[in-house]
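**Student:** In order, the protein sequence lines correspond to chains D and A.
Using the working numbering, count along the first sequence one by one with no gaps and you end on 594.
Using the working numbering, count along the second sequence one by one with no gaps and you end on 506.
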Amino acid sequence: MKLSQFFPLFLLAVSAGALSAQTPSPDAPKKKRAAAPAENGAAPQQVVQSNSLVKVNATSQPYSLHLPWQKESPSGRRGLGVVLAGSRVLVTGQMVANATYIELELPENGQKVPAKVVAVDYEANLALLESPASDKQKAFFSGLKPMAVDSGSRIEDKVDILQAGRVGELIKSPLVISKVLTRRYNVEGSGFLVYEANNIVRSEANSFTLPVVKGGKLVGLLLSYDSKNQVTTILPAPIIEHFLKDVADGSYEGFPSLGMEMQSTMDEQFREFLGLKPDAPGVLVSAVMKGGSADKAGMKKGDILVAINGFSIDSRGDYKDPQFGPLSSSHLVRGRAYVGDKVEIKVIREGKEVVLKSELARRKPEDFLVLPYLFDKGPRYVLMGGLLFQELSRPYLDAFGDEQRGGAILRLAHIATHPDKYEEEGRRKLVFLSLVLPTPSAQGYDKLGGQVINKVNGQTIKDLNDLADAFKNNKGTVHVIELNDFPHILYLDGFNAERDNMRLLGGAYRIGSLKRLE
Amino acid sequence: MNIRPLLFVPALVLLPAALSAQSAPPSPTANQAIDTSSSAWEGIVNIDVSVLMPDYREPWNAGQPSGGSGTGFLIGKNRFLTNAHVVSNATRILIRTTNDPEPHAAKIVHIAHDCDLALVEAEDASHFEKLKPLDFGSIPQLNTEVIAIGYPIGGDRISVTRGVISRIDFRPYSHTSVDSHLAIQVDAAINPGNSGGPVMQSGKVVGVAFQGFSGRVAQNVGYMIPVPVIKRFLKDIEDGRYDHYVDLAASDFPIENPAQAKALGINGDGVGVLVGDVEPQGSVAEILKIGDVILSIDDNPVMNNGLVRFEGELMDMNEIVERKFAGDTIKVKYLHEGKKQEATVTLKRFDPYVRLGAQYNQRPRYIVNAGLVFQPLDRNLVDAHQIRDDTVSYVFDNFLTDKLYVERPEPVVLTNVLPDEVNTWITPYAHSIVDEINGVKIRSLKDVQTALAKKEKPFIEISLLEKNRPLVLKRELAEAAHKRIMQNYNIQEDSYLGDE
Chain D
77 MKLSQFFPLF LLAVSAGALS AQTPSPDAPK KKRAAAPAEN GAAPQQVVQS
127 NSLVKVNATS QPYSLHLPWQ KESPSGRRGL GVVLAGSRVL VTGQMVANAT
177 YIELELPENG QKVPAKVVAV DYEANLALLE SPASDKQKAF FSGLKPMAVD
227 SGSRIEDKVD ILQAGRVGEL IKSPLVISKV LTRRYNVEGS GFLVYEANNI
277 VRSEANSFTL PVVKGGKLVG LLLSYDSKNQ VTTILPAPII EHFLKDVADG
327 SYEGFPSLGM EMQSTMDEQF REFLGLKPDA PGVLVSAVMK GGSADKAGMK
377 KGDILVAING FSIDSRGDYK DPQFGPLSSS HLVRGRAYVG DKVEIKVIRE
427 GKEVVLKSEL ARRKPEDFLV LPYLFDKGPR YVLMGGLLFQ ELSRPYLDAF
477 GDEQRGGAIL RLAHIATHPD KYEEEGRRKL VFLSLVLPTP SAQGYDKLGG
527 QVINKVNGQT IKDLNDLADA FKNNKGTVHV IELNDFPHIL YLDGFNAERD
577 NMRLLGGAYR IGSLKRLE
Chain A
7 MNIRPLLFVP ALVLLPAALS AQSAPPSPTA NQAIDTSSSA WEGIVNIDVS
57 VLMPDYREPW NAGQPSGGSG TGFLIGKNRF LTNAHVVSNA TRILIRTTND
107 PEPHAAKIVH IAHDCDLALV EAEDASHFEK LKPLDFGSIP QLNTEVIAIG
157 YPIGGDRISV TRGVISRIDF RPYSHTSVDS HLAIQVDAAI NPGNSGGPVM
207 QSGKVVGVAF QGFSGRVAQN VGYMIPVPVI KRFLKDIEDG RYDHYVDLAA
257 SDFPIENPAQ AKALGINGDG VGVLVGDVEP QGSVAEILKI GDVILSIDDN
307 PVMNNGLVRF EGELMDMNEI VERKFAGDTI KVKYLHEGKK QEATVTLKRF
357 DPYVRLGAQY NQRPRYIVNA GLVFQPLDRN LVDAHQIRDD TVSYVFDNFL
407 TDKLYVERPE PVVLTNVLPD EVNTWITPYA HSIVDEINGV KIRSLKDVQT
457 ALAKKEKPFI EISLLEKNRP LVLKRELAEA AHKRIMQNYN IQEDSYLGDE
């Protein structure tokens with residue numbers, strides 16, 4: 077006799093209709109729970125303070141991803157910012173993501189001033205803050221001294237992670253830089269330079285930004301701490317300098333990328349297949365993103381990439397960095413060059429060496445079919461008669477737990493990883509029906525969710541603006557919505573949908589606006 | 007949406023002793039004593055099965071031996087009806103009657119996994135000649151009493167439990183996890199070991215007990231396979247072969263929306279259901295189009311929610327198709343672009359979905375070449391290998407919804423790379439779907455064999471779906487390594503492609 081579990085059925089019942097998303101929580105650096113130090117009458121220690129660090133308190137409130145007209149509950153974030161020239165304060169991008177209020181606080185006396193973001197790069201995970209000029213602001217910064225940035229760190233350097241205690245005393249955790257590599261920070265995209273260091277980092281209240289210093293100079297900001305393995309990753313000074321230099325010229329361009337994928341050629345049989353000599357350098361170019369720097373330079377899939385800007389690329393895809401040793405060649409572009417810089421790429425094509433030249437560019441998040449990240453802004457949406465349409469984004473997909481990733485979400489996630497076909501169709505964004513609110517005009521559709529929209533009223537939908545126009549310009553009395561997936565076609569009464577729209581505004585669902593297209 | 011609630015079932019069947027049985031026997035509310043020595047009950051037998059669970063991880067191995075026990079009952083001359091899941095993957099089947107401890111070897115005559123029924127016969131019929139076969143009744147009424155008889159856990163001798171008919175509904179059958187048929191819910195205690203046993207009313211069989219919920223999730227919910235499903239099985243095998251269920255292979259979407267009804271040209275009589283999807287290889291592929299409206303099947307009006315009134319009950323319109331056999335026809339009336347049409351549909355089985363369900367009584371198919379293990383993608387493989395690769399998950403999950411079966415009827419997965427000097431660089435590529443080998447598109451496991459036999463070039467070149475580099479093996483090295491790998495990993499045969 078078979079016994080069955082009711083749980084799976086139950087889950088289905090919950091997830092079948094609406095694509096109910098979980099609220100994503102910001103990935104804060106993992107903290108170690110350190111035991112409280114024993115207070116057994118040790119001699120009073122001298123309090124060491126820094127006049128280049130300020131506490132930063134931010135309140136973060138992201139938009140809801142599945143009910144995009146509303147916001148999630150606000151939460152606080154605390155960090156330790158680094159004072160730089162011009163009374164500016166450096167923190168991680170994560171610290172100020174979706175911030176509704178930011179303030180700076182002097183560690184020793186608790187004096188506070190409000191602050192705002194001057195520049196932020198969520199890919200490089202860096203932000204620069206400023207407090208509006210006032211007497212209070214002047215007084216606040218009068219005792220502070222800018223900290224210099226030191227990009228000269230090397231493997232085996234001893235550095236300190238700084239934290240501020242209750243009365244502003246500095247708590248140092250000494251670390252040794254053990255590795256330098258490239259890795260993705262906290263949003264989708266290519267890798268950045270990272271220092272890896274080992275030791276125990278004790279836990280204090282300031283977790284979203286912690287400076288790493290050596291000899292009074294800034295060598296990086298804490299990215300993450302894995303308490304189990306006691307491994308710390310550090311966002312390093314070279315990336316900070318790059319960011320600051322970019323900000324200084326008045327217009328922020330961001331970090332460039334080549335827009336290509338490579339495959340190592342260490343496998344001898346693969347090398348022979350590719351026609352590579354045993355000791356020859358180079359990696360296989362396995363994909364070239366349309367419109368990226370590599371594409372503009374004329375790089376082709378199947379090329380063997382042998383050098384970038386004079387640096388030879390080995391079969392692993394590394395170059396020899398004068399400071400750090402072998403390092404992923406992506407850093408040659410990402411970290412060592414700027415948007416607009418000239419790049420010279422040497423490839424082997426059909427046995428012959430070809431030199432490709434181009435100007436480096438950056439692919440902005442808006443340039444992707446599926447938005448890789450979204451902060452500070454609400455998700456775009458259009459609500460029509462209870463049908464909620466959105467543009468697919470990574471955060472939307474990530475908001476679903478692993479066990480909910482079946483069916484429609486798996487299909488959408490697959491499109492996000494393989495957008496080529498949809499981009500070739502001319503789509504700028506992937507518009508989909510994310511949810512159906514129970515209204516009379518959407519009667520019968522309330523179990524739908526996750527269907528990609530192809531056409532509305534005969535008009536091809538390439539982004540949400542097209543969709544809004546298609547609804548507005550309908551000449552008939554019924555809206556015809558064509559879906560890429562089952563059940564492929566929906567009809568909505570134009571008059572009743574408008575009436576339901578009016579009812580939704582300010583109704584039970586607390587909808588303030590029927591769309592967000594900015 | 008596929009419901010797969012019964013993944014733990016085989017374990018439960020195998021380990022009846024490990025289950026904490028409801029220790030208190032059901033209180034005897036019987037209003038009639040049952041004489042177990044009367045011949046009427048002797049046709050209800052215990053079926054003891056030795057099983058070999060196929061090993062989809064090491065497909066060249068025999069698998070895991072285990073066993074279980076269920077119930078069966080005599081329905082004709084040396085013909086015992088039981089559940090398919092009782093005798094699936096059996097290597098030995100023994101029948102015992104309640105009053106005779108002697109085991110009698112038996113074998114499967116027909117097995118229908120899609121409706122979880124099997125017909126078993128004793129090797130030596132003489133012993134059962136005097137037994138009286140049980141007769142079938144019909145679909146019982148709600149709230150009428152039934153008894154379930156069988157050999158569930160809690161003892162060795164025959165057991166009787168009593169309850170009422172709770173519900174009659176179209177339900178998923180957990181044996182394959184993809185098939186749904188009519189099933190009847192009863193509140194008589196149905197426990198492991200009851201499987202395959204009769205549920206009786208007024209001395210007649212009204213169903214075969216086959217599945218239930220664990221006590222952790224629902225109480226007193228047991229299901230039986232009703233007589234129409236049993237009769238259909240028995241009729242199907244009359245020609246000596248089981249032909250499986252047939253399908254419309256179209257998905258319907260209810261017409262509840264007034265604008266939708268108006269646009270589709272439906273008047274307010276409640277008749278007509280929207281065709282939301284049509285499988286290009288199914289029975290109605292050339293007839294129905296997405297956006298059509300089905301009005302009636304065999305002159306039974308189809309309501310807006312896809313139900314029909316059939317034999318006095320409201321049932322899913324597929325129930326009409328359910329009762330038919332391969333090659334039978336149905337008459338469909340439908341609207342196409344607002345115009346009434348009529349067509350005769352010849353029904354056939356829709357194969358692609360079989361692979362989404364559990365399969366039994368099959369030796370796993372595979373090809374090993376230079377340590378690379380190729381296997382066809384199906385549920386057995388997915389469950390055994392716990393594959394997390396995005397592409398494999400996508401292809402399996404959307405095999406039907408995105409019509410992937412059209413291009414690739416039997417996707418082949420590189421499930422494992424048995425490490426050796428020759429393949430050490432490509433071991434991370436296990437759990438990928440194979441797109442092409444040596445320029446040959448891989449649409450089934452057989453294609454892998456054909457492609458590997460092509461030996462013009464000095465390299466074996468394998469492209470994987472959505473992986474950006476081909477796997478390359480130098481042919482002479484691969485051929486030299488093949489034997490060594492077979493030996494090192496103790497593989498007797500380098501392929502099994504099925505009995506053909």
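A virtual CB, placed ideally from N, CA and C, is assigned to each residue, including glycine.
(1) Measuring only the C-alpha atoms, how far is residue 179 of chain D from residue 240 of chain D?
(2) Within 10 angstroms of the Cβ of residue 389 of chain A, are there 16 or more other Cβ atoms? Answer buried if so, exposed if not.
(3) Rounded to whole angstroms, what is the Cα-Cα separation between residue 145 of chain D and residue 475 of chain D?
(4) Please name the residues in the region 479-496 of chain A whose beta-carbon is closer than 8 Å to at least one beta-carbon of chain D, in chain order.
(5) Can we say the region 437-444 of chain A touches the region 304-314 of chain D, given the rule of at least three CB pairs closer than 8 Å?
(6) Within 10 angstroms of its Cβ, does residue 252 of chain D collect 16 or more other Cβ (buried), or is it exposed?
(7) Going along chain A, which residues have a C-beta under 7 Å from residue 363 of chain D?
(8) Just list the residues that DSSP pairs residue 190 of chain D with in beta bridges.
(9) What is the rounded straight-line gap between the Cα of residue 230 of chain A and the Cα of residue 171 of chain A?
(10) Could you name each continuous alpha helix (DSSP H) segment of 4 residues or more that falls completely within the region 415-474 of chain D, going from the start of the chain to the end?
(11) Determine the DSSP secondary structure at residue 381 of chain D, reduced to helix, strand or coil.
(12) Closer than 9 Å by beta-carbon distance: list the chain A residues that pair up with residue 517 of chain D, in chain order.
(13) Where does residue 547 of chain D fall in DSSP's three states?
(14) Counting Cβ pairs closer than 8 Å, one from the region 418-430 of chain D and one from the region 375-389 of chain D, do we hit at least three?
(15) If you measure beta-carbon to beta-carbon, which residues of the region 550-582 of chain D are closer than 9 Å to chain A?
(16) Report the three-state DSSP secondary structure of residue 463 of chain A (helix, strand or coil).
(17) Could you have a look at residue 306 of chain A and say whether DSSP puts it in helix, strand or coil?
(18) With 7 Å set as the bound, which would you pick, yes or no: does the beta-carbon of residue 287 of chain D sit closer than that to a beta-carbon of chain A?
(19) So, helix, strand or coil for residue 346 of chain D, using DSSP?
(20) In the DSSP assignment, find the unbroken beta strand (DSSP E) run with residue 171 of chain D in it and report its ends.
(21) So which residues of chain A does residue 410 of chain D contact, with C-beta pairs closer than 8 Å?
(22) Is there a Cβ from chain D that is less than 7 Å from the Cβ of residue 499 of chain A?
(23) CB residue 215 of chain A to CB residue 196 of chain A, shorter than 7 Å?
(24) For a cutoff of 7 Å on Cβ pairs, would you count residue 257 of chain A as touching chain D?
(25) Ignore the nearest five residues each way along the sequence and tell me which others in residue 63 of chain A's own chain have a CB closer than 7 Å to its CB.
(26) Count the other CB atoms, across all protein chains shown, that sit within 10 Å of the CB of residue 105 of chain D; report buried if there are 16 or more and exposed otherwise.
(27) I believe residue 459 of chain D touches residue 548 of chain D by the beta-carbon criterion, under 8 Å. Please report the beta-carbon distance rounded to the nearest angstrom.
(28) Residue 476 of chain D touches chain A at which residues, Cβ-Cβ below 9 Å?
(29) Compare the C-beta of residue 269 of chain A with all C-beta atoms of chain D and state if any pair is closer than 7 Å.
(30) Looking at residue 393 of chain D: is its Cβ nearer than 7 Å to the Cβ of residue 432 of chain D?
(31) So what's residue 133 of chain D in DSSP terms, helix, strand or just coil?
(32) At 4 residues or longer, what runs of the alpha helix (DSSP H) sit wholly inside the region 44-106 of chain A?
(33) Run through chain D and tell me which residues come within less than 8 Å of residue 58 of chain A, C-beta to C-beta.
(34) So if DSSP puts residue 335 of chain A in a beta bridge, which residue, or which two residues, is it bridged to?
(35) For residue 164 of chain D, which three-state DSSP category applies?
(36) Any idea what DSSP makes of residue 206 of chain A, helix, strand or coil?
**Tutor:** According to the structure data:
(1) 16 Å
(2) exposed
(3) 17 Å
(4) 479, 480 and 483
(5) No, the region 437-444 of chain A is not in contact with the region 304-314 of chain D.
(6) So residue 252 of chain D counts as exposed.
(7) Chain A residues near residue 363 of chain D: 474.
(8) D/179
(9) 10 Å
(10) 470-474
(11) strand
(12) Residues of chain A passing the Cβ test: 263, 264 and 265.
(13) helix
(14) Two segments are said to touch when three or more pairs of C-beta atoms, one from each, lie closer than 8 Å; by this definition the region 418-430 of chain D touches the region 375-389 of chain D.
(15) 553, 554, 555, 556, 561, 562, 563, 564, 565, 566, 567, 568, 569, 570, 572 and 573
(16) coil
(17) Residue 306 of chain A falls in the strand class under three-state DSSP.
(18) no
(19) Residue 346 of chain D: helix per DSSP, three-state reduction.
(20) Counting along the chain, residue 171 of chain D falls outside any beta strand (DSSP E), though it belongs to the alpha helix (DSSP H) covering 169-172.
(21) Near residue 410 of chain D there are no residues of chain A at all, since even the closest Cβ is about 20 Å away, more than 8 Å.
(22) Residue 499 of chain A does not count as touching chain D.
(23) yes
(24) yes
(25) Correct list, in chain order: 390 and 391.
(26) Reliability fails at residue 105 of chain D, whose pLDDT of 44 lies under 50, so the model's placement of it is uncertain and the value that follows must be treated cautiously. Residue 105 of chain D should be labelled buried.
(27) Not a contact, Cβ separation roughly 14 Å.
(28) The premise fails here: residue 476 of chain D is roughly 14 Å from chain A at the closest Cβ pair, so nothing lies under 9 Å.
(29) yes
(30) no
(31) It is a strand residue.
(32) 45-48 and 90-93
(33) Neighbours of residue 58 of chain A on chain D: none; closest Cβ ~19 Å, over 8 Å.
(34) A/352
(35) DSSP places residue 164 of chain D in strand when its eight states are reduced to three.
(36) strand
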